[in-house]
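*Asks:* In the working numbering, the protein residues as written are 21 to 460.
#1: Between the Cα of residue 32 and the Cα atoms of 101, 118, 107, 63, which residue gives the shortest distance?
#2: Could you check whether residue 331 and residue 290 sit closer than 8 Å to each other, using their CB atoms as the reference points?
#3: Roughly how many whole angstroms lie between the Cα atoms of residue 273 and residue 279?
#4: Is the beta carbon of residue 381 sitting closer than 8 Å to the one on residue 211?
#5: Work out the CA separation of residue 285 and residue 362 for me, nearest whole Å.
#6: For the region 322 to 339 against the region 245 to 262, do three or more pairs of beta-carbon atoms, one drawn from each stretch, fall closer than 8 Å, so that the two count as touching?
#7: If contacts are defined as beta-carbon pairs under 8 Å, then residue 63 and residue 201 qualify, I think. What distance do you get, rounded to the angstrom?
#8: Cutting at 7 Å between CB atoms, please list the residues of its own chain near residue 28, excluding the five before and the five after it.
#9: Quickly, what does DSSP pair residue 193 with across the bridge? List them, please.
#10: How would you write the range of the alpha helix (DSSP H) that residue 252 sits in, first residue to last?
#11: From what residue to what residue does the alpha helix (DSSP H) around residue 89 run?
#12: Exposed or buried, residue 399, counting other C-beta atoms within 10 Å across all chains shown (16 or more means buried)?
#13: What are the residues that DSSP puts in a beta bridge with residue 222?
#14: By Cβ distance below 8 Å, which residues in the same chain neighbour residue 166 in space, the five residues on each side in sequence not counted?
#15: Going by beta carbon distance, what residues of the same chain come within less than 6 Å of residue 449, once the five residues before and after it are set aside?
#16: Would residue 344 and residue 254 be called neighbours here (beta carbons separated by less than 8 Å)?
#17: Determine the direct distance from the alpha carbon of residue 408 to that of residue 421, and round the result to whole angstroms.
#18: Which residue from 416, 213, 86 puts its Cα closest to that of residue 227?
#19: Quick one: grab the DSSP three-state call for residue 34.
#20: Mind pulling the beta strand (DSSP E) runs of 3 or more residues that sit fully within the region 282 to 363?
#21: Would you list the residues sitting across from residue 241 in a DSSP beta bridge?
#22: Whose CA, out of 386, 425, 100, lies closest to the CA of residue 454?
#23: Out of 348, 287, 335, 347, which has the shortest C-alpha to C-alpha gap to residue 319?
#24: Does the distance from the C-beta atom of residue 203 to that of residue 122 stay below 8 Å?
#25: Just mark residue 48 as buried or exposed, buried being the case when its beta carbon has 16 or more other beta carbons within 10 Å.
#26: Between residue 461 and residue 87, is the Cβ-Cβ spacing less than 8 Å?
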């Protein structure tokens, strides 16, 4: 298998656009990607979507927007640090800052397809389409189309959002450069190739775009038919792992779900010390101590990830590297991240209030899916908006210009309905479900 090469991997060509266009003073092609993501409606809605704690009562608890910005900050550092180390391998005209901004932009977009209520929302959508009493709506779909709905993935919805839905609808989406779009994909394959963990980044509807992306970037095709990841996607993934493993614990301390000392011990172990090295730490609140601890801990992990990436670069470029960068880091780093994740799994994710809210999320999304998919099913059967029931007409009125068109297949109609629901914030989904169920 021929190794991937940076000349193709860092092309300035744009998805959905014939020519890359001229760069601007002070704003490269990749900076434009960053700006297009930041100014998109889908990115803005992340401010109203769950990170870990749905509908948290405190305004300082992380939402998906803040999480994505923090991941972007760590990702930019990783990209620049790696690029400085391997700059002799980069194409002419590509600077370390370019790799930093590509990774940062991909990090900003990595959760852009997440539905309301985080992973609970993903499971709620999957389970609704699997329910026996809803199978009538799936008659007429192919097995692979059904699989997309029954395996709904925020990662695949994210690729669809970037490449299809946002801004230029069905005409290139945000029209990002191929490197940024490729770096944003953790799982460049479809649902039938997902494997045991069920993760994938491409619905059947976007498969031809994934193939185009792979061809333009020169992504290797693996023996099982899947495409290799863009080498920079490993840095995006590492930045996400760092932030959600460490920073989610800060929120849990603020919410008094876990104690400061539990997190302090893990962070100090990652740093390789047992001493809290802060001046006058006895006079500093636990929250401020934890912020300083977190900053130093992230710095230690960034150092380790950069070294691990450079050490494994040949296998990454040859598409033979397996697993993720954190798992390949030295034992102290690897074990520390795993301990942080296990603490979250055993205490944070099992918090009673979080559990109650996630159960409620199922009810909210069931109401919305029943309403929207029933409307889509009727539209598919009648193909004439004039003869639709009054209720379905009002659903389409609510969707306005985002509603399905008569040229769409049943699968495409359902995707537009799911696009609408997946794009909602937690609070709007809750509000709309209440209005639909019992208008006041």
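Glycine residues also receive a C-beta, built at the ideal position from the N, C-alpha and C atoms.
As the structure is a prediction and not an experimental result, all values here were calculated from the model.
*Replies:* The relevant details are as follows:
#1: Along the chain shown, read from residue 1 onward, the residue named residue 32 stands at position 12. Nearest option by C-alpha distance: 118.
#2: Stepping through the chain shown from its first residue, residue 290 is reached at position 270. Stepping through the chain shown from its first residue, residue 331 is reached at position 311. Not a contact, by the Cβ cut-off of 8 Å.
#3: As a position in the chain shown, residue 273 is number 253, starting the count at 1. As a position in the chain shown, residue 279 is number 259, starting the count at 1. When the Cα atoms are used, residue 273 and residue 279 turn out to be separated by approximately 6 Å.
#4: Position 361 of the chain shown holds residue 381. Position 191 of the chain shown holds residue 211. No; because the gap between Cβ atoms is not below 8 Å, this pair is not in contact.
#5: Here residue 362 is taken as the residue at index 342 of the chain shown, counted from 1. Here residue 285 is taken as the residue at index 265 of the chain shown, counted from 1. Cα to Cα, the separation comes out at about 14 Å.
#6: For the pair of segments examined, the region 322 to 339 was found to touch the region 245 to 262: the number of CB pairs separated by less than 8 Å reaches three.
#7: Residue 63 sits at position 43 when you count from the first residue of the chain shown. Residue 201 sits at position 181 when you count from the first residue of the chain shown. Wrong, their Cβ atoms sit about 15 Å apart, outside the cutoff.
#8: Translated into the one-based positions of the chain shown, residue 28 becomes position 8. The residues are 237, 238.
#9: In the chain shown, the residue the question calls residue 193 occupies position 173. Paired residues: 188.
#10: Within the chain shown, residue 252 is the residue found at index 232, counting from 1. Premise fails: residue 252 is in no alpha helix (DSSP H) and is neither H nor E.
#11: Locating residue 89 in the chain shown gives position 69, counting from the first residue. Looking at the DSSP string, the run of the alpha helix (DSSP H) that includes residue 89 is 84 to 106.
#12: Mapped onto the chain shown, residue 399 falls at position 379. Of the residues assessed, residue 399 falls on the buried side of the cut-off, its CB having 16 or more other CB atoms within 10 angstroms.
#13: By 1-based counting over the chain shown, the position of residue 222 is 202. 210.
#14: Translated into the one-based positions of the chain shown, residue 166 becomes position 146. For residue 166, where only same-chain residues beyond five positions count, the Cβ hits under 8 Å are 149, 158.
#15: In the chain shown, the residue the question calls residue 449 occupies position 429. Cβ within range, chain order: 136, 384.
#16: Within the chain shown, residue 344 is the residue found at index 324, counting from 1. Within the chain shown, residue 254 is the residue found at index 234, counting from 1. For residue 344 and residue 254, yes; Cβs fall inside 8 Å.
#17: Looking up residue 421 in the chain shown gives position 401. Looking up residue 408 in the chain shown gives position 388. So the two alpha carbons sit approximately 17 Å from each other.
#18: By 1-based counting over the chain shown, the position of residue 227 is 207. Taking only the C-alpha atoms, the option nearest residue 227 is 213.
#19: In the chain shown, counting from the first residue as 1, residue 34 sits at position 14. DSSP places residue 34 in strand when its eight states are reduced to three.
#20: none
#21: Stepping through the chain shown from its first residue, residue 241 is reached at position 221. DSSP lists 247 as partners of residue 241.
#22: In the chain shown, counting from the first residue as 1, residue 454 sits at position 434. Selected option, being the one with the closest Cα: 386.
#23: Along the chain shown, one-based indexing puts residue 319 at 299. Here the closest residue by C-alpha is 287.
#24: Looking up residue 203 in the chain shown gives position 183. Looking up residue 122 in the chain shown gives position 102. In contact: residue 203 and residue 122 (Cβ atoms closer than 8 Å).
#25: As a working note, residue 48 is residue 28 in the chain shown. Burial call: buried.
#26: Outside the displayed range of the chain (21 to 460) lies residue 461, so it cannot be described from this structure.
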